[in-house]
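K.L.:
Quick one: this structure, given as structure tokens, is what I'll be asking you about.
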Amino acid sequence: MILSGKSGKTVLSGLAGGLALLGAATVQAQEISRGAVIASTCYTCHGTYGVSPGSIPPIDDISAERMISTLQGYRSGQRASTVMGRHASGYTDEEIREVAQYFGNLQKRGK
Ligand code: HEC
């Protein structure tokens, strides 16, 4: 009885708004963490955050656009490689975009 009428509506719309916000935040968090998880598989060879400690090329200074076209080139075989073709073939376009954005965002944050 207390919740009926005007105040009942306010409570409900407030809850719906909160759920919508929660949904958006969850989607974003998933994307960030998937990019981060994929990126962590690159660190074995390319060094932490792509700052290579050895002879494998560093990938910390590559824009998201270049990263996407490079990985797609490796995947299709258009770009010659020893290991990257095989590695890139395991990723979908979506995953390539996410890992490229992750590396691109690292640059903007100054790593
Ligand atoms: C098994 C080791 C290994 C792993 C894991 C690996 N790479 Fe590579 N990467 C290489 C090597 C070696 C090259 C040089 C090209 C070649 O011979 O395959 C390279 C080249 C590249 C290049 C081109 C760099 C340039 O300046 O030309 C990019 C971009 C790249 N890798 C991105 C990635 C990303 C992103 C990941 C993770 C999803 C990754 N690599 C995982 C070994 C690795």
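Residue numbers for the sequence shown follow the numbering used here, beginning at 346 and rising by one.
Built from N, CA and C at the ideal position, the CB exists for glycine as well.
Source: prediction; values computed, not measured.
(1) Over what stretch of residues does the alpha helix (DSSP H) that includes LYS438 continue unbroken?
(2) How would you label ALA425, buried or exposed, when you count the other beta carbons within 10 angstroms and need 16 or more for buried?
(3) Compute the minimum distance between the beta carbon of PRO398 and the heavy atoms of the ligand HEC, and state whether it is under 7 Å.
(4) Are the CB atoms of ILE404 and GLY395 nearer to each other than 8 Å?
(5) Within a Cβ cutoff of 7 Å, which residues of the same chain sit near CYS390, ignoring the five residues on either side of it in sequence?
(6) Mind checking whether MET412 and ALA433 have CB atoms under 8 Å apart?
(7) Measuring from the CB of ILE413, is there a heavy atom of the ligand HEC at a distance below 7 Å?
P.N.:
Let me lay it out:
(1) Per the sequence presented here, residue 438 reads as Asp, with Lys not at that position. Its alpha helix (DSSP H) spans residues 438–453.
(2) exposed
(3) no
(4) Going by C-beta atoms, ILE404 is nearer than 8 Å to GLY395.
(5) ILE401
(6) Going by C-beta atoms, MET412 is not nearer than 8 Å to ALA433.
(7) no
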